[in-house]
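Student:
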Amino acid sequence: MDNLSIKILKHLKKHENEETYQIIVDLGFSAKTGGKIRYRLRKLEMEKYIKKSGKLGRGYSGYGKSKRFFIWNITQKGRNILKK
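Numbering-wise (numbering that gives the first Met the number 0), the sequence shown opens with residue 0 and increments by one.
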């Protein structure tokens, strides 16, 4: 868990009436629980930018059903942090 890089694999869409974007992310590790994901987000100070929509703990099946790829609703500021 030393490597804290989260990669954006694909930008899905921008939500209308909201300032959030849907993205698919690669955590770089396989999370068995949502707790590990939240731990990593706290390390990156990212937790406040991701909207809690039930997507935090659900794997994205388009990239294999591992708990490594997730769909997140994220704000523009959070997206900019991930792009760095």
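Glycine included, each C-beta is placed from N, C-alpha and C at the ideal position.
From a predicted model like this one, the values you see are computed outputs, not experimental measurements.
At the level of alpha carbons, what is the spacing between Lys9 and Ile23?
Tutor: 5 angstroms
Student: With burial defined as no fewer than 16 other Cβ atoms inside 10 Å of the residue's Cβ, what is the status of Gly77: buried or exposed?
Tutor: buried
Student: Who are Ile7's beta bridge partners in DSSP?
Tutor: Per DSSP, Val24.
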